[in-house]
Amino acid sequence: MTTTAPRSLTSRQPIYEGSRVPSPIPTVLRTSQELLDTGDVMTVNFGPNHPSTHGVLRLVVDLYGEDVTGLEAVIGYLHTGFEKTMEQKTWWKCITYPERIDYVSFQNNEYVFVAAVEKLLALEIPPKAVWMRTLLNELNRIHSHLVWLGTSALELGAISMFWYAFRERDLVLDLSELVTGYRMHTRYFQVGGLAEDVPRGFYPECRKFCDWMPRAIDDYESMLTRNKIWLERTEGLGLLSAEDAIALGQSGPVLRASGVDWDIRRAEPYLAYHQVDFRVPVFQAGDVYARYRVHIEEMRESVRIVEQCLDRLEHMEGEPWIADDRKVVLPPRHELHTSMESLIHHFKIVTEGFRVPEGEAYVAIESPRGELGCYVCSDGGPKPWRVKFRAPSFVALQATATCMTDALIADMIAIVGSLDTVMGEVDR
Amino acid sequence: METVEAHRETTIVVDVAGLVDAATALRDDHGFNFLSDITAVDYLGWGGGDVSGYIGTRTGRDLNSPMTQGFQAVPLAKPKRFAVNYHLLSISERPRRVRLQAWVDEGEPVPTLIPVWPTADWHEREAWDLMGIAIEGHPNMKRLLLDDDWEGHPLRKDYPVGGEPVRFSGEA
Numbered sequence: 001m002t003t004t005a006p007r008s009l010t011s012r013q014p015i016y017e018g019s020r021v022p023s024p025i026p027t028v029l030r031t032s033q034e035l036l037d038t039g040d041v042m043t044v045n046f047g048p049n050h051p052s053t054h055g056v057l058r059l060v061v062d063l064y065g066e067d068v069t070g071l072e073a074v075i076g077y078l079h080t081g082f083e084k085t086m087e088q089k090t091w092w093k094c095i096t097y098p099e100r101i102d103y104v105s106f107q108n109n110e111y112v113f114v115a116a117v118e119k120l121l122a123l124e125i126p127p128k129a130v131w132m133r134t135l136l137n138e139l140n141r142i143h144s145h146l147v148w149l150g151t152s153a154l155e156l157g158a159i160s161m162f163w164y165a166f167r168e169r170d171l172v173l174d175l176s177e178l179v180t181g182y183r184m185h186t187r188y189f190q191v192g193g194l195a196e197d198v199p200r201g202f203y204p205e206c207r208k209f210c211d212w213m214p215r216a217i218d219d220y221e222s223m224l225t226r227n228k229i230w231l232e233r234t235e236g237l238g239l240l241s242a243e244d245a246i247a248l249g250q251s252g253p254v255l256r257a258s259g260v261d262w263d264i265r266r267a268e269p270y271l272a273y274h275q276v277d278f279r280v281p282v283f284q285a286g287d288v289y290a291r292y293r294v295h296i297e298e299m300r301e302s303v304r305i306v307e308q309c310l311d312r313l314e315h316m317e318g319e320p321w322i323a324d325d326r327k328v329v330l331p332p333r334h335e336l337h338t339s340m341e342s343l344i345h346h347f348k349i350v351t352e353g354f355r356v357p358e359g360e361a362y363v364a365i366e367s368p369r370g371e372l373g374c375y376v377c378s379d380g381g382p383k384p385w386r387v388k389f390r391a392p393s394f395v396a397l398q399a400t401a402t403c404m405t406d407a408l409i410a411d412m413i414a415i416v417g418s419l420d421t422v423m424g425e426v427d428r
Numbered sequence: 429m430e431t432v433e434a435h436r437e438t439t440i441v442v443d444v445a446g447l448v449d450a451a452t453a454l455r456d457d458h459g460f461n462f463l464s465d466i467t468a469v470d471y472l473g474w475g476g477g478d479v480s481g482y483i484g485t486r487t488g489r490d491l492n493s494p495m496t497q498g499f500q501a502v503p504l505a506k507p508k509r510f511a512v513n514y515h516l517l518s519i520s521e522r523p524r525r526v527r528l529q530a531w532v533d534e535g536e537p538v539p540t541l542i543p544v545w546p547t548a549d550w551h552e553r554e555a556w557d558l559m560g561i562a563i564e565g566h567p568n569m570k571r572l573l574l575d576d577d578w579e580g581h582p583l584r585k586d587y588p589v590g591g592e593p594v595r596f597s598g599e600a
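Going down the list, the protein sequences come from chains R and S.
FYI, the numbering for the first sequence is 1 to 428, going by my numbering.
FYI, the numbering for the second sequence is 429 to 600, going by my numbering.
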């Protein structure tokens, strides 16, 4: 546990005086009337189909020469109604949906939904499942940060970064395939634990990855951290002060790059995070470069957490990986041939679904993008009454107008990219 | 004002009239400086099913349609149709969460909380767009995720699932 002496949660020196959040609409930057009267302001549609919008984001931008004077983000192009669909499915069939909401950090999304259901059920999870979930969540964080790093650098012209980042991303997906059978959208977490035991051969493969990954991160850093072009494209851009970040509900790397020492994994530990040793990187500058540094440092910490999980898991051979609650968890496969009761339970859970006690719960975890929340409401039946996801990308995009204040059009790509949004999650 | 503890979570239920005051007090006096999320829930038809064990409903179980077995207990009735939940967080040395809950009926407006937490902007637009919660005083109230000319609010329980006519481009 690394919770050291209490620190001040906000940065010592404000990044800029006062607040830059536009008023009265916090998410829209408006061009002043005098400037509009000059007739030199051009309104440009950026997106929705633009290769560097990370999906289908549309930005309506007012330009005065190269200066961005007005900006409004328009979203919804990827809205698929996940929350409505989940109300039509039984609880255990719903697990496949969250991972498709944020398809880059699928494992974290899967976990937050399962955790919310388990909170309503008050279900105890066996230690092996807890540690394995922690491990997979951290591998997934590395995966997500690599996708962010590769694509953001690509958008600023650092093409080689993309190949390096995706090389290691593939290693993570290989591990995912080894454990779950799928490279993405694994549906490996069940209510109660894991779907299957950890396969033989996973731990050594994962160790190899942990040995390799720090060196790969050194490679990335040698390419970018002191690269003059990278520094000029990222330093001092997209400023967001600690106070504005909190007011705008920012979380995750964006918040920590603004000097707020906040990580849900440490503040409200879930899974096994209170038993592992890790550092929470915080940078004070509140710019694109600081966000880059947070992502890099977080990957290093994630590798350390994965190693500590492996230390524990290697001594858990033969332990149960799922809770023993026959009303919720499918019975072991081999029992179906010999036990009438097991067959009935299996049949009941598959056709009818299990029942979740009446009530509502909100569970928040630190996903790679920040606070990922899941609100579930049950009426006591086999289907959710309401499911709602607090998507960190959705909230991050609200900061676009603040970050883009006094920016140039050429920097927009760097700034919007640094907020690390996944449009699937924004639109849900 | 009423405080409910359930599932290791605290819910503070307030009247719509006192929502802004309660929110301001929670932010200024109790340190809830961070609005995580706004979730609107439609309770139309809540607890409408019959009670049964695993045997059958009073009206008889439809064998061809799974999940018509009814509840084991009828859930507690709700005061009004919609609940608007504000999930608050205190980013401080003493992290804690609370849910602020207000109940409204169809068409009853909820005051905007943008002056308290600017992040409420899109959350409130989403609540209007998908659930039809009228927000009073929002400076930019329009649909967020759906088309501007969309009819209805899809997350409501009386919104039809499937069977809607598909609109093709070029059609009037």
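Glycine included, every Cβ here is placed at the ideal spot set by N, Cα and C.
| query | result |
| --- | --- |
| Please classify T487 (chain S): is it buried, with 16 or more other beta-carbons within 10 angstroms of its beta-carbon, or exposed? | Legend: pLDDT at T487 (chain S) = 48, less than 50; position of this residue unreliable, value from coordinates given subsequently. Per the 10 Å Cβ criterion, exposed. |
| Which residue from R:Y289, R:L224 and R:C206 puts its Cα closest to that of L239 (chain R)? | R:Y289 |
| I'd like to know if C403 (chain R) contacts chain S, where contact means its C-beta is closer than 8 Å to some C-beta of that chain. | no |
| Can you tell me where the alpha helix (DSSP H) with T234 (chain R) in it begins and where it stops? | K228 to T234 |
| Helix, strand or coil for E99 (chain R), going by three-state DSSP, please let me know. | helix |
| Starting from S367 (chain R), trace the alpha helix (DSSP H) both ways and give me its first and last residue. | That residue, S367 (chain R), is in no alpha helix (DSSP H); its beta strand (DSSP E) goes G359 to S367. |
| Taking the straight line between their C-alpha atoms, what separation do you get for I483 (chain S) and V441 (chain S)? | For I483 (chain S), the predicted structure reports a pLDDT of 43, less than 50, and the residue's modelled location is therefore unreliable. A value from the coordinates is still provided. Approximately 37 Å, taken between the alpha carbons. |
| Looking at C-beta atoms only, is the number of pairs between the region 344 to 362 of chain R and the region 370 to 388 of chain R that lie closer than 8 Å three or more? | yes |
| I need the straight-line Cα distance from C210 (chain R) to M299 (chain R), nearest angstrom please. | 11 Å |
| Which residue wins for smallest C-alpha separation from A361 (chain R), given the options S:M429, S:Q529, S:A450 and S:V448? | S:Q529 |
| Does the Cβ of F419 (chain S) have 16 or more other Cβ atoms within 10 Å, making it buried, or fewer, making it exposed? | What the structure shows of chain S is the stretch from 429 to 600, and residue 419 (chain S) is not part of that stretch, so it cannot be assessed. |
| According to the Cβ coordinates, are D102 (chain R) and E425 (chain R) closer than 8 Å? | yes |
| Looking at chain A, which residues of the region 103 to 127 of chain R have a Cβ within less than 9 Å of any of its Cβ atoms? | No chain A is present in this structure, whose protein chains are R and S. |
| Looking only at its own chain, which residues have a Cβ that is under 8 Å from the Cβ of L573 (chain S), when we skip the five neighbours before and after it? | E554, D557 and L558 |
| Using only the alpha-carbon positions, how far apart do E205 (chain R) and L139 (chain R) sit? | 13 Å |
| Please classify D549 (chain S): is it buried, with 16 or more other beta-carbons within 10 angstroms of its beta-carbon, or exposed? | buried |
| At 8 Å on the CB atoms, spell out the chain R contacts of I563 (chain S), in chain order. | The contacting residues do not exist; I563 (chain S) stays about 13 Å from chain R at best. |
| Taking C-beta to C-beta, are L472 (chain S) and R584 (chain S) nearer than 8 Å? | yes |
| Starting from R300 (chain R) and walking both ways along the alpha helix (DSSP H), at which residues does that stretch end? | V288 to L313 |
| Enumerate, from N- to C-terminal direction, the unbroken alpha helix (DSSP H) stretches of 4 or more residues contained entirely within the region 52 to 117 of chain R. | 82 to 87 and 98 to 101 |
| First and last residue of the alpha helix (DSSP H) that includes V328 (chain R)? | Where V328 (chain R) is concerned, there is no enclosing alpha helix (DSSP H), given that its DSSP letter is neither H nor E. |
| Can you check which of these residues, R:T421, R:W385 and R:A410, is closest to Q398 (chain R) by C-alpha distance? | R:T421 |
| Does DSSP put T43 (chain R) in a helix, a strand or coil? | strand |
| Using 8 Å as the limit for Cβ to Cβ distance, is L248 (chain R) near chain S? | yes |
| Out of S:F510, S:L517 and S:L516, which has the shortest C-alpha to C-alpha gap to V538 (chain S)? | S:F510 |
| Do you know how far the Cα of D449 (chain S) is from the Cα of V544 (chain S)? | 10 Å |
| May I ask you to report which of helix, strand or coil DSSP gives N513 (chain S)? | strand |
| Tell me which same chain residues have a C-beta within less than 6 Å of the C-beta of V276 (chain R), skipping the five on either side of it? | I305 and Q308 |
| Ignore the nearest five residues each way along the sequence and tell me which others in G598 (chain S)'s own chain have a CB closer than 8 Å to its CB. | none |
| How is G535 (chain S) classed by DSSP in three states: helix, strand or coil? | coil |
| Helix, strand or coil for T487 (chain S)? Go by DSSP, reduced to three states. | Its pLDDT being 48, under 50, T487 (chain S) is placed unreliably by the model, and the measurement read from it follows with that caveat. DSSP places T487 (chain S) in coil when its eight states are reduced to three. |
| When you compare only the Cα positions, how much space is there between A245 (chain R) and I415 (chain R)? | 15 Å |
| Around the Cβ of L517 (chain S), are there at least 16 other Cβ atoms within 10 angstroms (buried) or fewer (exposed)? | buried |
| Note down, in chain order, every chain S residue with its Cβ under 8 Å from the Cβ of R183 (chain R). | Near R183 (chain R) there are no residues of chain S at all, since even the closest Cβ is about 29 Å away, more than 8 Å. |
| Would you kindly report the start and end of the unbroken beta strand (DSSP E) that includes K388 (chain R)? | R386 to R390 |
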